[in-house]
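A.B. asks: Provided herewith is a single structure, encoded as structure tokens, for subsequent inquiry.
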Amino acid sequence: MDAPPATAVAWSTDGVTFEYRSPLDLGLRLGDYVTLGDGSTPMLAQLLSQRSAERDGRLWAEGSGRVLGPSSSSAPFDRVPMAAADAEVVRRSLDRGRTGIELGTLRGLPELPAVIDARGFNRHTFLCGQSGSGKTYALGGLLEQLILRTRLPLLVLDPNGDHVNLGRARDDLDEDVAARYVAAAGDVRVLRADPPAGTDPLRIRLKELATSGVAALLQLDPIVDRREYNALIHGLDEIGPAGFASIEEAFEAFRASGDAVLESIRMRAENLGVDRMAAWAALSGRPIRTIIDIWRHDRPRALVADTSGFEERRERIAVTITVLEQLWAERRARRPLLLVVDEAHDVCPAEPADPLQRLAVELFTRIAGEGRKYGIHLLLASQRPDKLPDNVLTQCDNLLLMRVNSAADRASLATRFAFVPSELVELSGTFGLGETLRAGRIAPHPQLARTGPRVTPEGGADIPTDWAG
Ligand SMILES: Nc1ncnc2c1ncn2[C@@H]1O[C@H](COP(=O)(O)OP(=O)(O)OP(=O)(O)O)[C@@H](O)[C@H]1O
Ligand SMILES: [Mg+2]
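Going by our numbering, the sequence shown opens with residue 107, and the numbers climb by one from there.
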């Protein structure tokens, strides 16, 4: 006699988490949505762990999961039928109302938009994936949706010029979609080191960098170089609120002061080439507005600071420090914003190598720890968790995870983001291009999804591989 057909069943001791057993050939995978029960309103649930087992001559998938809704009764249940959830049930159960933003589609249910909760960006977010996993592409898509669907101001530090097209729609887009986007993104500003004529350049002022920033650039130690450091404090204090229009002007004043210590600071700056950095606001016949002036006074919908045109990393870090210092200085205004940093390890490395990097890490750590209560939210993108300081990473309550090949990196992520089921973090080793896991405040249950097409043209395209032909 044939064995009875095997069915999938689930049982629970608390009505919230459950265990299950499913015939392997049913094809239910880790992370899938399932329905539990056979009544008219089955519960929607998700499989969060899975292993295979052989029992009674059959192969099974076994593991545990969590009930997602409609509303869990918290009553234990005994061996209810379990089945793959169809799109309609998932759509009804996961509708997140007005604060939801659509980012691509759900894994295995390409007809359903993957909706995340925009309110979750009131926490810090880490976007992680190895080179080529699609982080920057996905980040661009997220910024587009935040512009379209929220009023959260965005300040983007963009070291590769990948986000310079955030203000315009792709040419091949449907006219209505393009018009809607352009209307929402009308006030997106892009600042570059070397901008096209008639647009503001990306510049900072000595005073905005603050004493600690200038001292770090000049490699001045407050103890070892106490005379110079102290003279710098007073020298900068005497500058009016607008600061010098140019670094040359500042150092000319130091020279003219006749003060030997100020003169030695000037020489130090000249020797280190600090005075020749392109990031300084310089005199040019018309007053130069710095990134801080523009952010503070124009209040753009989004401001992209493309630092790719600066030759040296210290210029990118100086711009970053200026932004962090000034956001912190005006924190009591409690103006919420999302500070987006692509290639975050470039300006916030786990192992800072010089005083300037150490200062940047200090400022990021302060904002990671205390920025949230002032509305300063971080979104940091990097290839590996260990490239960023632990004190910054562990303050992130949201994880956007793309492909990660290294088992050690996945283990490190699972430890640091313990709110994400570790088997789902492990799954990122199998992700293809654009596949992603979202977890934390933005996705109350871990969401497996695929990035959707972009509205705006990509900035820095990959190198074509026509050499292979
Ligand atoms: N969802 C997607 N659909 C189509 N193409 C994509 C998608 N995601 C990424 N790409 C393409 O894949 C390439 C790599 O993506 P991307 O630059 O976003 O990777 P990355 O993770 O930011 O890499 P890196 O860490 O080196 O900056 C790009 O050419 C991009 O256009
Ligand atoms: Mg990138």
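Even glycine gets a Cβ: it sits at the ideal position worked out from N, Cα and C.
In this text, all values refer to a predicted model and were calculated from it rather than measured experimentally.
Given S155, which residues of its chain have a CB within under 6 Å of its CB, disregarding the five upstream and five downstream residues?
C.D. replies: If we look at S155 and ignore the five residues flanking it on each side, its Cβ neighbours are G169, S170, E529.
A.B. asks: Could you have a look at H483 and say whether DSSP puts it in helix, strand or coil?
C.D. replies: In this structure, H483 counts as strand in the three-state DSSP scheme.
A.B. asks: In whole angstroms, give me the CA-to-CA distance for L248 and E358.
C.D. replies: Distance between the alpha carbons of L248 and E358 is about 46 Å.
A.B. asks: Could you tell me whether any non-hydrogen atom of ligand 2 is closer than 8 Å to the CB of T242?
C.D. replies: The answer is yes for T242.
A.B. asks: When you compare the region 236-243 with the region 499-519, are there three or more beta-carbon pairs, one atom per stretch, that lie closer than 8 Å?
C.D. replies: Output reads yes: the region 499-519 touches the region 236-243.
A.B. asks: Measure the alpha-carbon distance for G304 versus A514 and round it to whole angstroms.
C.D. replies: Each residue's Cα considered, the two are about 49 Å apart.
A.B. asks: Bridge partners for N504 per DSSP, in chain order?
C.D. replies: Paired residue(s): T231, G546.
A.B. asks: Where does V429 sit, in a helix, a strand or coil, going by DSSP?
C.D. replies: In the structure shown, V429 sits in a helix (DSSP, three-state: H, G or I).
A.B. asks: Between L505 and ligand 1, is there a pair consisting of the residue's CB and a ligand heavy atom that are separated by less than 8 Å?
C.D. replies: L505 Cβ: outside cutoff for every heavy atom of ligand 1.
A.B. asks: Could you tell me the distance, in whole angstroms, from the CA atom of R437 to the CA atom of L218?
C.D. replies: Approximately 39 Å between the Cα atoms of the pair.
A.B. asks: Quick one: residues in its chain with C-beta nearer than 8 Å to the C-beta of T119, no 5 flanking neighbours on either side, listed in chain order?
C.D. replies: Excluding sequence neighbours, T119 sits near P182.
A.B. asks: Any chance the region 429-446 sits against the region 275-284, with 3 or more Cβ pairs inside 8 Å?
C.D. replies: The region 429-446, when compared against the region 275-284, does not touch it at the 8 Å Cβ threshold.
A.B. asks: Quick one: complete beta strand (DSSP E) runs, 3+ long, within the region 363-433?
C.D. replies: With a minimum length of 3 residues, the continuous beta strand (DSSP E) runs that stay inside the region 363-433 are 408-412.
A.B. asks: Looking only at its own chain, which residues have a Cβ that is under 7 Å from the Cβ of R185, when we skip the five neighbours before and after it?
C.D. replies: Excluding residues within five positions, the ones whose Cβ falls inside 7 Å are V115, W117.
A.B. asks: Keeping to the same chain, check which residues put their C-beta closer than 8 Å to that of T123; ignore five residues upstream and five downstream.
C.D. replies: Answer for T123: S170, G171, R172, V173, listed in chain order.
A.B. asks: Could you please give the first and the last residue of the uninterrupted beta strand (DSSP E) stretch that includes Q152?
C.D. replies: Here the beta strand (DSSP E) through Q152 covers 149-153.
A.B. asks: Label A555 either buried or exposed according to how many other C-beta atoms from any shown protein chain fall within 10 Å of its C-beta, with 16 as the threshold for buried.
C.D. replies: Counting Cβ neighbours within 10 Å, A555 comes out buried, since at least 16 surround it.
A.B. asks: Below 8 Å, how does it come out for the region 463-473 and the region 415-435: are there three or more Cβ pairs, yes or no?
C.D. replies: Verdict: yes, contact present.
A.B. asks: Taking contact to mean 3 or more Cβ pairs, one atom from each stretch, closer than 8 Å, check whether the region 296-315 and the region 420-429 are in contact.
C.D. replies: Yes: the two stretches touch, three or more of their Cβ pairs being nearer than 8 Å.
A.B. asks: Taking the continuous beta strand (DSSP E) assigned at F183, which residues delimit it?
C.D. replies: From DSSP, the beta strand (DSSP E) with F183 extends over 183-190.
A.B. asks: Going by DSSP in three states, M107 sits in which element: helix, strand or coil?
C.D. replies: Bear in mind that the predicted position of M107 carries a pLDDT of just 48, short of 50, making it unreliable; the figure below should be weighed with that in mind. It is coil, neither helix nor strand.
A.B. asks: What residue does the beta strand (DSSP E) around E125 start on, and which one ends it?
C.D. replies: Element bounds for E125: 123-129.
A.B. asks: Who are L212's beta bridge partners in DSSP?
C.D. replies: In the DSSP output, where bridge partners are listed per residue, L212 has L215, A555.
A.B. asks: Taking C-beta to C-beta, are A220 and Q553 nearer than 9 Å?
C.D. replies: Closer than 9 Å, so yes.
A.B. asks: Determine the closest residue to R225 out of G214, W386, R257, with distance taken between C-alpha atoms.
C.D. replies: The option with the nearest alpha carbon to R225 is R257.
A.B. asks: Less than 8 Å between the CB atoms is what I'm expecting for D452 and R419, so what's the real figure, rounded?
C.D. replies: With a Cβ gap of about 7 Å, D452 and R419 count as contacting.
A.B. asks: Kindly give me the distance between the Cβ atoms of G137 and T557, rounded to whole angstroms, as I take these residues to be in contact under 8 Å.
C.D. replies: Not confirmed; about 16 Å, so no contact.
A.B. asks: Helix, strand or coil for E168 per DSSP?
C.D. replies: In the structure shown, E168 sits in a strand (DSSP, three-state: E or B).
A.B. asks: Just reading off the alpha helix (DSSP H) that L245 is part of, what are its end residues?
C.D. replies: Run containing L245: 241-255, per the alpha helix (DSSP H) assignment.
A.B. asks: Considering only the beta carbon of each residue, do L409 and V196 sit closer than 9 Å?
C.D. replies: Cβ atoms of L409 and V196: not closer than 9 Å.
A.B. asks: With 16 as the cutoff for other CB atoms within 10 Å, does M107 come out buried or exposed?
C.D. replies: Any reading at M107 must be qualified, since the residue scores a pLDDT of 48, below 50, and its modelled position is unreliable; no value is offered.
A.B. asks: So T456 and K493 are supposed to be a Cβ contact under 8 Å. How far apart are they, rounded?
C.D. replies: In the sequence on display, residue 456 carries Ala and not Thr. Yes, A456 and K493 are in contact; Cβ-Cβ is about 6 Å, under 8 Å.
A.B. asks: Does the Cβ of A366 have 16 or more other Cβ atoms within 10 Å, making it buried, or fewer, making it exposed?
C.D. replies: When all chains shown are included, A366 counts as exposed.
A.B. asks: Give me the Cβ distance between N266 and G566, rounded to the nearest whole Å; I'm assuming they're in contact under 8 Å.
C.D. replies: Indeed, because the Cβ distance is near 5 Å, the residues count as touching under 8 Å.
A.B. asks: For D404, tell me which candidate among A545, Q501, R295 has the shortest Cα-Cα distance.
C.D. replies: Closest by alpha carbon: R295.
A.B. asks: What three-state label does DSSP hand G304 in the structure shown?
C.D. replies: Correct three-state label for G304: coil.
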